[in-house]
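Below: the structure, in structure tokens.
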Amino acid sequence: MHSQEVDVPGARAAVEVSLWSVQPTAGGDTHVRWRWLVADLTDGRQALVGVLGVRETFEALPLDEVFDSVELAP
């Protein structure tokens with residue numbers, strides 16, 4: 461697991477968490493990568509954004525665009 465604080469417009473504080481897991485499926489084990497953005501909003505609420513994908517193809521997917529497009533507003 462890896463985590464780091466990040467700056468997100470509209471958030472008082474935010475952290476991005478990334479981890480790998482093995483998920484059992486009918487076809488055998490599948491290695492999955494998870495990325496989460498957890499943000500404390502300025503009005504006291506929290507926001508959670510998550511993406512996941514198969515480990516072998518995760519980097520090729522446009523999932524970074526999901527995080528780059530997050531706009532938080534109270």
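Be aware that the sequence shown starts at 461, since it is given in our numbering, and climbs by one per residue. Beta carbons: idealized from backbone N, C-alpha and C, even for Gly.
Residues that residue i bridges to, as DSSP identifies them
i: VAL482; result: HIS491
i: ASP500; result: ALA473 and GLN506
i: GLU465; result: VAL475
C-beta atoms of residue i and residue j nearer than 8 angstroms
i: SER525; j: PRO469; result: In the sequence on display, residue 525 carries Glu and not Ser. Against a cut-off of 8 angstroms, the Cβ pair of PRO469 and GLU525 comes out as no contact.
i: TRP496; j: GLY513; result: no
Rounded separation between residue i and residue j - CA only
i: VAL498; j: VAL492; result: 19 angstroms
i: VAL482; j: GLU476; result: 20 angstroms
i: ASP500; j: ALA486; result: 38 angstroms
i: ALA473; j: GLU465; result: 8 angstroms
Helix, strand or coil at residue i according to DSSP, with G and I counted as helix
i: ALA533; result: coil
i: LEU537; result: As displayed, the chain neither begins before 461 nor continues past 534, which places residue 537 out of reach and without an answer.
Spatial neighbours of residue i in its chain, beta-carbon cut-off 8 angstroms, leaving aside the 5 residues before and after
i: ALA471; result: ALA499, ASP500, LEU501, THR502, ALA507 and LEU532
i: SER478; result: MET461, HIS462, SER463, ARG493, TRP494, ARG495 and TRP496
i: ASP489; result: VAL482 and GLN483
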